[in-house]
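Asks:
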Amino acid sequence: MAHEEGAPMRADVLVENGLIKAVAEDLPAPGGVRTVEAGGKIVAPAMFDAHVHFREPGQEHKEDIAHGTEAAINGGVTGVVMMPNTSPPIDSAAVVRMVLEKAAEVSRIPVYTSGCITKGRAGRELAGIDGMRRLGVVMLTDDGDPVANPAVLRHAMEYASEFGMFFASHCEVAELSGPRALNEGVVSYRLGIVGSPACSEEICMDRDIRL
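In my numbering, the protein residues as written are 763 to 973.
(1) Measure the CB-CB distance between residue 878 and residue 904 and report whether it falls below 7 Å.
(2) Just the C-alpha distance for residue 831 and residue 900, rounded to the nearest angstrom, thanks.
(3) Go ahead and pull the three-state DSSP assignment for residue 781.
(4) Per DSSP, what are the beta-bridge partners of residue 776 in this structure?
(5) State buried or exposed for residue 814, treating a residue as buried only when at least 16 other CB atoms are found within 10 Å of its CB.
(6) By DSSP's criteria, residue 921 is part of a beta bridge. Which residues make up the other side?
(7) May I ask you to report which of helix, strand or coil DSSP gives residue 847?
(8) What three-state label does DSSP hand residue 875 in the structure shown?
(9) Could you tell me the alpha carbon to alpha carbon distance between residue 896 and residue 972, rounded to whole angstroms?
(10) Does the Cβ-Cβ distance between residue 841 and residue 872 come in under 7 Å?
(11) Using a threshold of 7 Å, state whether the C-beta atoms of residue 843 and residue 866 are closer than that.
(12) What is the C-beta distance between residue 945 and residue 906, in whole angstroms, given that I count them as a contact (C-beta under 8 Å)?
(13) What span of residues does the alpha helix (DSSP H) with residue 909 cover, start to end?
(14) For residue 828, which residues of its own chain have a beta-carbon under 6 Å away from its beta-carbon, when the five flanking residues on both sides are left out?
(15) I need the straight-line Cα distance from residue 929 to residue 802, nearest angstrom please.
(16) Would DSSP call residue 958 helix, strand or coil?
(17) Should residue 958 be labelled buried (16 or more other beta-carbon atoms within 10 Å of its own) or exposed?
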């Protein structure tokens, strides 16, 4: 298992009523307890995934909240934040409410959602940030697409800062990156495939940091 100081250690773990009661080498098992042989396995705290794509609403054939959260549980994840690039995008209080109500019905773990920076992730005008914030949204992102208009992006950043919200910018210059499948470099040249240059991300990151 993972020790509190980071170094792995071999040990027995006693769990009682869902809580860890003792951790020690060669721990004597009390009478009547169920023993799980987990030799060679790793015991660690559950994880929280702050970037998941459940595709609900609109593209449930790819992934929905029910199946996505069950997969998360099987992977040791006990809390998630959904990305808003759904169909329709999560850009208003109404869509946030729908997502959270659905999650409350079908999920065994806490489900949170981020909200769009701009309406429809179109990059032209701000999404309904205040309404989403009032429903518990704490992170804004147009995940998958950059906000190309610096004036719109700066306004959104100021809004997020005012209310203590996290801001996640998708950093690339679309005109440089294009719909490409790999990075520009030795491999792309060898394969004869046009790649996305590193400067696409670097230019956008520099702009966003300055804003």
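Virtual Cβ for every residue (Gly too), placed ideally from N, Cα, C.
Replies: In this structure, then:
(1) In the sequence shown, counting from the first residue as 1, residue 878 sits at position 116. In the sequence shown, counting from the first residue as 1, residue 904 sits at position 142. Result yes, Cβ atoms of residue 878 and residue 904 sit closer than 7 Å.
(2) Residue numbering aside, residue 831 sits at position 69 when the sequence shown is read from its first letter. Residue numbering aside, residue 900 sits at position 138 when the sequence shown is read from its first letter. When only Cα atoms are considered, residue 831 and residue 900 end up about 20 Å apart.
(3) For this step, residue 781 is matched to residue 19 along the sequence shown. Three-state result, residue 781: strand.
(4) Counting from one through the sequence shown, the residue named residue 776 turns up at place 14. Residue pairing by DSSP places residue 776 opposite 784 in a beta bridge.
(5) Residue numbering aside, residue 814 sits at position 52 when the sequence shown is read from its first letter. By the neighbour-count rule (16 or more Cβ atoms within 10 Å), residue 814 is buried.
(6) The sequence position of residue 921 within the sequence shown is 159, counting from 1. Answer is none; residue 921 lacks a bridge partner.
(7) On the sequence shown, residue 847 is found 85 positions in, with the first residue counted as 1. Here residue 847 sits in coil by DSSP.
(8) Taking the first residue of the sequence shown as 1, we reach residue 875 at position 113. Annotated three-state conformation of residue 875 is strand, per DSSP.
(9) Residue numbering aside, residue 896 sits at position 134 when the sequence shown is read from its first letter. Residue numbering aside, residue 972 sits at position 210 when the sequence shown is read from its first letter. Straight-line measurement puts the Cα of residue 972 at about 29 Å from the Cα of residue 896.
(10) Here the question's residue 841 lines up with position 79 in the sequence shown. Here the question's residue 872 lines up with position 110 in the sequence shown. Contact flag set, yes.
(11) As a first step, residue 843 is located in the sequence shown; it is residue number 81 there, counting from the start. As a first step, residue 866 is located in the sequence shown; it is residue number 104 there, counting from the start. No, Cβ-Cβ distance for residue 843 and residue 866 is not below 7 Å.
(12) In the sequence shown, counting from the first residue as 1, residue 945 sits at position 183. In the sequence shown, counting from the first residue as 1, residue 906 sits at position 144. Actually they do not touch by this definition, with Cβ atoms about 18 Å apart.
(13) Residue 909 sits at position 147 when you count from the first residue of the sequence shown. Premise fails: residue 909 is in no alpha helix (DSSP H) and is neither H nor E.
(14) Sequence index remark: in the sequence shown, residue 828 carries index 66 (1-based). Spatial neighbours of residue 828 in its own chain (CB-CB distance under 6 Å, excluding positions within 5 residues in sequence) are listed in chain order as 868.
(15) Stepping through the sequence shown from its first residue, residue 929 is reached at position 167. Stepping through the sequence shown from its first residue, residue 802 is reached at position 40. The alpha-carbon separation between residue 929 and residue 802 amounts to approximately 40 Å.
(16) Residue numbering aside, residue 958 sits at position 196 when the sequence shown is read from its first letter. If DSSP states are grouped into helix, strand and coil, residue 958 belongs with the strands.
(17) Within the sequence shown, the letter at position 196 stands for residue 958. So residue 958 ends up on the buried side.
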